[in-house]
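See below for the structure under consideration.
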Amino acid sequence: MPRRTTRNALDTLRTPGRFPGFLKTASICTLIAGLLSPLSQAAVAPEAAAAEATAAIDHCGNQCSDILPPGQNGNATLAQILLNQSFGSMPEHASDQLGPYANLAKGYSGLTNATINSFFNDASFGVPPDQVASTVKPAGRTDVTIVRDKKTGVPHITGTTRYGTEFGAGYAAAQDRLWLMDVFRHVGRGQLTSFAGGAPSNQGLEQQFWRHAPYTEADLQAQIDNAVASNGERGQLALADAKAYLDGINAYIDASDSGRYFPGEYVLTGHKDSITNAGKIEHFKITDMVALGSVIGALFGSGGGGEVNNAISLLAAQEKHGVVEGTKLWESFRERNDPEAVVTVHDKSFPYATKPADPQGEALPDAGSVTEEQLVYDRTGSAAGSAAAGASTTAAKAAMTSAKRGMSNALVVSGEHTASGHPVAVFGPQTGYFAPQLLLLQEIQGPGISARGASFAGLSMYVELGRGQDYAWSATTSGQDIIDTYAVELCQDDHHYLYRGTCTAMEKVEQKNAWKPTTADSTPAGSYTMRVWRTKYGPVTHRATVDGKKVAYTTLRSSFMHEADSIIGFQMLNDPGYVQGPEDFQKAVQHINYTFNWFYVDSEHAAYYNSGDNPVRAAGVDAEFPVWARPAYEWRGWDPATNTARYTPPAEHPNSIDQDYYISWNNKQAKDYTTAPWGDGSVHRGNLLENRVKKLVAAGGVTRASLVKAMADAGLADLRAEDVVPDLLKVVNSSPVTDPTAKAAADRLQAWVSAGARRTETSAGSKQYAHADAIRILDAWWPLLVKAEFEPGLGSELYRAMTANLPIDESPSAGHGATGSHAGSSFQYGWWSYVDKDIRAVLGEPVRGPLDRKYCGGGSLGACRDILVSTLKEAAGRTAAQVYPGDDQCSAGDQWCADSIVQRTLGGIKHGKISWQNRPTYQQVVEFPSHR
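Numbering-wise, the working numbering puts 679 at position 678 of the sequence shown, and it's gapless, one number per residue.
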């Protein structure tokens, strides 16, 4: 049977591909004509107003570029949605960045500095007079102007007052992303089904996020109050900025409602009536921003957790191999501090979350006792029944897994190694591909603010990733551990626990949701209640017994109840008066409590800093496993009333200024700095950048074009083929291959590797891969060879436990990552290091940080070769339809389509597929020739 694409946290928010039959008849033309009659959005023809605001200081010298597909315009009226669904027409600026972005995959080889903007936008400040498409003074204000350019429609917001500037930012954000912002404020509150419909995917999404951030309205407000109170004048300024920003959003809501050009999804989901205009679009309030921030933080900036799964796999290893050998095995697969791992900061140690010599306070579960905490109760209607419950649970688990994925990459070269003598950077976040996109572009110029770049919709009061007057910055997800699991001992009943010796009631937090069918979501009426039990040590996630005692496992996250705190860091990054150089940049991002790697360049310096509130753990506590909820094992200085603690000082976070080059693709930050995700070993996708940038730096004369080419080339490489297959073929060819099928397969793989191991079209638009057979063979071979290589030595139970910690593969066609199938981002998590280390050991080659034993063929080269040859022959016999069985986007056997990137619809506008690239969604190319 054709498989369905794995649903996940984000791709499931979609308007259906079909509408009721009456919309498909000739009457659609009449309906559209009527819908086109409402007032159009207020705009002014290009005029001198565009030049009213003084041009901002810009030291980029036309050497700053950026791109964010599919397009700036993420709002569409009902008429525009119907036209798109029926005839494929696009609203203006909805898709004009998708083509240039896609074209880099085949166009990068001949790239020069002069042709960069054939694939990127000019990210200079301001808009040339002949490129002004429109000017708007939102709500008739005289202190702010929004100018949009002809090419991309990006808003350039210029204010003469701080209030007006932020009002304009809010107004422009609503112009471009109102529906998306509304969706995600409901996701953050666990209210998506009541707002957008009860599809199982929507159920799964709200369940996943609300489970980990079960905030009440009072909690959301308290976080704002705390952020303001603890940050002095900057806190007060942030509050004023947020209020002005919200006033701008709400002004647009009122204008679009009265003018009837609001997003058409409000009609399709039953919130507005297309004929009478009855219904209401709720105004935004300040707590909505915290709800939005909790979603973004959970997806991209919260490293850690997983201690219960770690414990289960450790116990499985000890059960099979004994405590000593089982622990040794587990540690070798965990690769906490692998000496062969690629790192961002060279030749410097930053110890964090290291393995203690004598672990204390561990609370490992009794074998077989762990159960996941129930979340959903009182199901009715379409939410009831085992099938409905199973569908939403599957969706929730997919979302939960995806939220642990980190993304984004950065390539930064210091001026010592560039042709100009100025640092060069190519960097950006991989946030998936959506329509509309989660991020939006903007330029903001006003008192104390001067920046252009990307921000998450609904949080765009400041530019979050972008450039200032003479500097630029970006981030990648870092993943260091700021989440710990505690075992709270139960007392009295299942909802009381011992807190510092006192039997204490857990706090019950509930969210009740109900839905009914709409045009956008025909799911029949239903309802349920989500219930989370909170303790001082965080929400309950599992139940178990430890040495026969009943316990609840909880997760304590350092950013829990602190989702709003990072706003100060972003405010500083936007302030040209604050950021004067790399040291100021590092101080600014120290105020961001999410787990990110931050990169910076100006005309003279490059810099790096790893952010996050890293708790100081008690001596002897191993961050990998659950510990008892007792004072001796709590975070040092922890105050449960505020969830604050002592945090590691800035100097202990990986950081650097003017290193020769930096790369990051969610790899290990530095020696001795343990990150929560598994897989920081000898082969990591960071190697794809490291190898290319190191080669460029050695040659010298790096340019913006050459660094883009390195990024683009890495973005088409198959990590397995580039870094692991050569050694696999050494084993296969260690004696003559006599089987013709296996021999042909090995030859095809060798030819592909020799040609560069890229997954790329034969020519632009061909939708056929060069070396298609070799790619098919490897996609089929990898899971077969991993299982055959490791399961015999590990045993089936331990093998399953280990794959729960780290999936064996993450090829482009798989459903994986924070954004699911067809999401571009690939090769972040897999068993490539295990295979690499094991095969090299079998070959007799030196291995630093080896596995606990040789697995392939029990360590015998001949037996290992037999395993590889037999699995290779089996893989070669798999047809394309078997390897790529099809999904809701592609027919079975369509290899190119299986890999292709899809702009997942979060609204009513659909876009075409583009060829696979493994690169940031929003990306900057920057080089500053001068400085203030």
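All C-beta atoms in this analysis are idealised placements derived from N, C-alpha and C, irrespective of residue type, glycine included.
Using the rule of at least 16 other Cβ atoms within 10 Å of the residue's Cβ for burial, across every protein chain shown, is HIS418 buried or exposed? By the beta-carbon neighbour count (other beta carbons within 10 angstroms, threshold 16), HIS418 is buried.
Near THR556, what residues of its chain come up, given a Cβ to Cβ distance below 7 angstroms and the 5 sequence neighbours on each side ignored? When the five nearest sequence neighbours on each side are left out, the beta carbons in the same chain lying within less than 7 angstroms of the beta carbon of THR556 are those of GLY306, ILE484, THR486, GLY539, PRO540 and THR542, in order along the chain.
Using the C-alpha atoms, what's the distance from SER456 back to ARG879? When only Cα atoms are considered, ARG879 and SER456 end up about 44 angstroms apart.
Using only the alpha-carbon positions, how far apart do TRP833 and VAL725 sit? Answer to the nearest angstrom: the Cα atoms are 7 angstroms apart.
Uninterrupted alpha helix (DSSP H) stretches inside the stretch 239-305 (no shorter than 4 residues): The stretch 239-305 contains these whole alpha helix (DSSP H) runs: 266-269 and 287-301.
Where the beta strand (DSSP E) containing ALA426 begins and where it ends: First-last of the beta strand (DSSP E) with ALA426: 425-429.
Which of the three DSSP states, helix, strand or coil, is assigned to HIS213? HIS213 falls in the helix class under three-state DSSP.
What do you get for THR116, buried or exposed, if any count of 16 or more other CB atoms within 10 angstroms of its CB means buried? When all chains shown are included, THR116 counts as exposed.
Helix, strand or coil: how does DSSP classify LEU99 here? It is helical.
On the CB-based measure, 16 or more other CB atoms within 10 Å of its CB, does ALA284 come out buried or exposed? It should be pointed out that residue 284 corresponds to His in this sequence rather than to Ala. By the neighbour-count rule (16 or more Cβ atoms within 10 Å), HIS284 is not buried but exposed.
From what residue to what residue does the alpha helix (DSSP H) around ASP566 run? Boundaries cannot be given for ASP566, as no alpha helix (DSSP H) includes it and DSSP labels it neither H nor E.
DSSP state of VAL552 mapped onto helix, strand, coil: Here VAL552 sits in strand by DSSP.
Measuring straight from C-alpha to C-alpha, what distance separates ARG297 and SER612? Going by the sequence as given, residue 297 is Ile instead of Arg. Inter-residue distance for ILE297 and SER612 is about 16 angstroms (C-alpha atoms, whole angstroms).
For my contact list, ASP67 and TYR923 are in at a C-beta cut-off of 8 angstroms; report their separation, rounded to the angstrom. Approximately 7 angstroms separates the beta-carbon atoms of ASP67 and TYR923; this is inside 8 angstroms, confirming the contact.
Three Cβ pairs or more, each shorter than 8 angstroms: is that satisfied between the stretch 75-89 and the stretch 264-283? At 8 angstroms Cβ cutoff, the stretches touch.
Status (buried if at least 16 other CB within 10 Å, exposed otherwise) for THR643: In summary, THR643 is exposed, with fewer than 16 beta-carbon neighbours lying within 10 Å of its beta-carbon over all protein chains present.
Thinking C-beta only, is ALA228 closer than 8 angstroms to ILE445? No, Cβ-Cβ distance for ILE445 and ALA228 is not below 8 angstroms.
Candidates SER931, ASP740, ALA771 and ALA677: which alpha carbon is nearest ALA303's? Checking the displayed sequence, the identity of residue 303 turns out to be Ser instead of Ala. Nearest option by C-alpha distance: ALA677.
Between the stretch 139-147 and the stretch 238-256, are three or more C-beta pairs nearer than 8 angstroms? Three or more pairs of CB atoms, one per stretch, sit closer than 8 angstroms, so the stretch 139-147 contacts the stretch 238-256.
In three-state DSSP terms, what is TYR172? It is helical.
Whole angstroms are fine: how far does the CA of ALA881 sit from the CA of LEU786? Going from the Cα of LEU786 to the Cα of ALA881 covers about 18 angstroms.
Cβ neighbours of ALA893 in the same chain (closer than 7 angstroms, five flanking residues each side left out): Contacts found: PRO3, ALA882, TYR885, PRO886 and GLY887.
Since SER461 and LEU439 should fall inside the 8 angstroms C-beta cutoff, what is the C-beta to C-beta distance between them, to a whole number of angstroms? About 11 angstroms; that fails the 8 angstroms criterion.
Name the two residues that bound the continuous beta strand (DSSP E) containing CYS504. Per DSSP, CYS504 belongs to the beta strand (DSSP E) from 503-506.
For SER683: DSSP bridge partner residues: Per DSSP, SER683 has no beta bridge partner at all.
Just to confirm the assignment, what range does the alpha helix (DSSP H) spanning PHE626 have? Careful: PHE626 lies outside any alpha helix (DSSP H) and carries neither H nor E.
Expected contact under 8 angstroms - CB spacing of ALA713 and ALA758 to nearest Å: Not a contact, Cβ separation roughly 15 angstroms.
One or two residues paired with ILE450 in a DSSP bridge: Secondary-structure assignment with DSSP links ILE450 through a beta bridge to GLY447.
Can you give me the C-alpha to C-alpha distance between SER755 and GLY682, rounded to a whole angstrom? If you take the alpha carbons of SER755 and GLY682, they lie about 24 angstroms apart.
Just checking my contact of ARG933 with ASP471 at CB under 8 angstroms: how many whole Å lie between their CB atoms? Right, the Cβ-Cβ distance comes to about 5 angstroms (below 8 angstroms), so this counts as a contact.
I'd like to check one pair, VAL709 with LEU112: are the Cβ atoms closer than 8 angstroms? The answer is yes: Cβ separation under 8 angstroms.
Could you spell out the range, first to last residue, of the beta strand (DSSP E) harbouring MET531? Counting along the chain, the beta strand (DSSP E) containing MET531 begins and ends at 527-536.
With the cut-off set at 8 angstroms, would you say GLN73 and ASP177 are in Cβ contact? For GLN73 and ASP177, yes; Cβs fall inside 8 angstroms.
Counting C-beta neighbours from all protein chains within 10 Å, is the total for PRO430 16 or more, i.e. buried, or is it exposed? So PRO430 ends up on the buried side.
Of all the options ALA452, LEU330, ALA711 and VAL268, which has the alpha carbon lying nearest to the alpha carbon of ASP59? Ranking the options by Cα distance to ASP59, first place goes to ALA452.
Buried or exposed: where does GLN98 fall if 16 or more other Cβ atoms within 10 Å of its Cβ makes it buried? Buried, because 16 or more other Cβ atoms sit within 10 Å of the Cβ of GLN98.
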